[in-house]
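Read through the structure below, which is laid out as structure tokens, and then see the notes.
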Amino acid sequence: MVGLRERKKQRTRRALIEAALRLFDEKGFEETTLAEIAAAADVSTRTFFSYFASKEDVVFYDTHERIELALSTLANKAAGQSPADVLVRFIEDSFVWSAAHEELTFEDAEVRLRLIMTEPTLQAKALLVLFDSQLRLARALHDAYPDKLDPTEAAAAVGALVGAVKLAVMVNMEHDRSLEEMWATARRGAEVAVRGLSSLC
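When we follow full-length UniProt numbering, the leftmost residue of the sequence shown carries the number 1, and every step to the right adds one.
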């Protein structure tokens, strides 16, 4: 059971994320200051830095946890599990984690994606995050199956799966009107990719 102190920290973190996204949407990412975000969340600027190192980190608030979850899934694969099966499990674990830890409403998630797609600073960080995370996952997949996958096959498998999920969500943002619909779209993208990865027995 989560204690009172931890619940308070979670509320503060969520308030900072929500305040930042609202201000970024209203004023613009570059024009919004850290002090304004802190004030909108009713905390001090010093408290802001207890949770995030920069404005960019607020937008990519869940990146570290998602990567660690994926690496853990690969490191703890079940005996006899195929590469395709473990990648499916990674996607399923990600959905379960998101449902349990999601800190954004659908509207906030939509704002975040729009910011990432339109703000040059965030576009650059998103590319770095995407490259780094996929590289780490590809290495971990190869390490998990050194006798079945060479580095190229592992990289192609990770790229196909992650790319399918991300692009499916992006092109359906205007049609999916809830987080549940968004996750359903992501699952469909994953299923399409996994069918193509079924050759990785």
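Heads up, the beta-carbon is just placed ideally off N, CA and C, and yes, glycines get one too.
Computed from a predicted model, the values in this text were never measured in an experiment.
Using 8 Å for Cβ pairs, my map puts Leu122 next to Glu36. What's the rounded Cβ distance?
In the sequence shown, counting from the first residue as 1, residue 122 sits at position 122. In the sequence shown, counting from the first residue as 1, residue 36 sits at position 36. So it is not a contact: roughly 17 Å between Cβ atoms.
Measuring straight from C-alpha to C-alpha, what distance separates Ala78 and Leu23?
Sequence index remark: in the sequence shown, residue 78 carries index 78 (1-based). Sequence index remark: in the sequence shown, residue 23 carries index 23 (1-based). Whole-angstrom Cα-Cα distance: 45 Å.
Could you check how far apart the C-beta atoms of Phe106 and Leu179 are, in whole angstroms? I think they sit under 8 Å.
By one-based count along the sequence shown, residue 106 stands at place 106. By one-based count along the sequence shown, residue 179 stands at place 179. Correct: roughly 5 Å between the Cβ atoms.
Quick one, are the C-beta atoms of Ala164 and Ala193 less than 8 Å apart?
Taking the sequence shown and counting its residues from 1, the one referred to as residue 164 is at position 164. Taking the sequence shown and counting its residues from 1, the one referred to as residue 193 is at position 193. Yes; because the gap between Cβ atoms is below 8 Å, this pair is in contact.
Could you check how far apart the C-beta atoms of Glu110 and Met173 are, in whole angstroms? I think they sit under 8 Å.
Within the sequence shown, the letter at position 110 stands for residue 110. Within the sequence shown, the letter at position 173 stands for residue 173. About 6 Å separates the two Cβ atoms, so the contact holds.
Kindly indicate which three-state DSSP category Arg112 falls into: helix, strand or coil?
What you label residue 112 is simply residue 112 of the sequence shown in a count that begins at 1. If DSSP states are grouped into helix, strand and coil, Arg112 belongs with the helices.
Is the distance from the Cβ of Ala160 to the Cβ of Gly196 below 8 Å?
The count along the sequence shown starts at 1 and reaches residue 160 at position 160. The count along the sequence shown starts at 1 and reaches residue 196 at position 196. For the pair Ala160 and Gly196, the CB atoms are nearer than the 8 Å cut-off.
Please go through the stretch 119 to 180 and give each complete alpha helix (DSSP H) segment of 4 or more residues, from N-terminal end onward.
120 to 144 and 151 to 171
Which stretch, first to last residue, makes up the alpha helix (DSSP H) that contains Leu21?
Here residue 21 refers to the residue found at position 21 of the sequence shown. Counting along the chain, the alpha helix (DSSP H) containing Leu21 begins and ends at Leu4 to Lys27.
Rounded C-alpha distance that separates Val162 from His175:
Within the sequence shown, residue 162 is the residue found at index 162, counting from 1. Within the sequence shown, residue 175 is the residue found at index 175, counting from 1. Roughly 21 Å separates the two Cα atoms.
At least one CB of chain D closer than 8 Å to the CB of Ser98: is that the case?
Annotation note: the requested chain D is absent from the structure, which comprises a single protein chain.
Taking just the CA atoms, how far does Thr12 sit from Ala84?
As a position in the sequence shown, residue 84 is number 84, starting the count at 1. As a position in the sequence shown, residue 12 is number 12, starting the count at 1. If you take the alpha carbons of Ala84 and Thr12, they lie about 39 Å apart.
Rounded C-beta distance between Ile67 and Ser133? I'm assuming under 8 Å.
If you number the sequence shown from 1, residue 67 lands on position 67. If you number the sequence shown from 1, residue 133 lands on position 133. With 8 Å as the limit, Ile67 and Ser133 qualify as a contact, their Cβ atoms being about 5 Å apart.
Where the alpha helix (DSSP H) containing Asp57 begins and where it ends:
As a first step, residue 57 must be located in the sequence shown, where it is residue number 57. Per DSSP, Asp57 belongs to the alpha helix (DSSP H) from Lys55 to Val59.
Buried or exposed by the 16-neighbour rule on C-beta atoms within 10 Å, applied to Glu181
Position 181 of the sequence shown, counting from 1, holds the residue named residue 181. By the 10 Å Cβ count, Glu181 comes out exposed.
Look at the Cβ atom of Leu69, then the Cβ atom of Ala140, and state whether they are nearer than 8 Å.
Numbered from 1 along the sequence shown, position 69 holds the residue referred to as residue 69. Numbered from 1 along the sequence shown, position 140 holds the residue referred to as residue 140. Between Leu69 and Ala140, the C-beta gap is not smaller than 8 Å, which leaves the two residues out of contact.
Assuming Thr73 and Val88 make a contact with CB atoms under 8 Å, what is their CB distance in whole Å?
Translated into the one-based positions of the sequence shown, residue 73 becomes position 73. Translated into the one-based positions of the sequence shown, residue 88 becomes position 88. Not confirmed; about 10 Å, so no contact.
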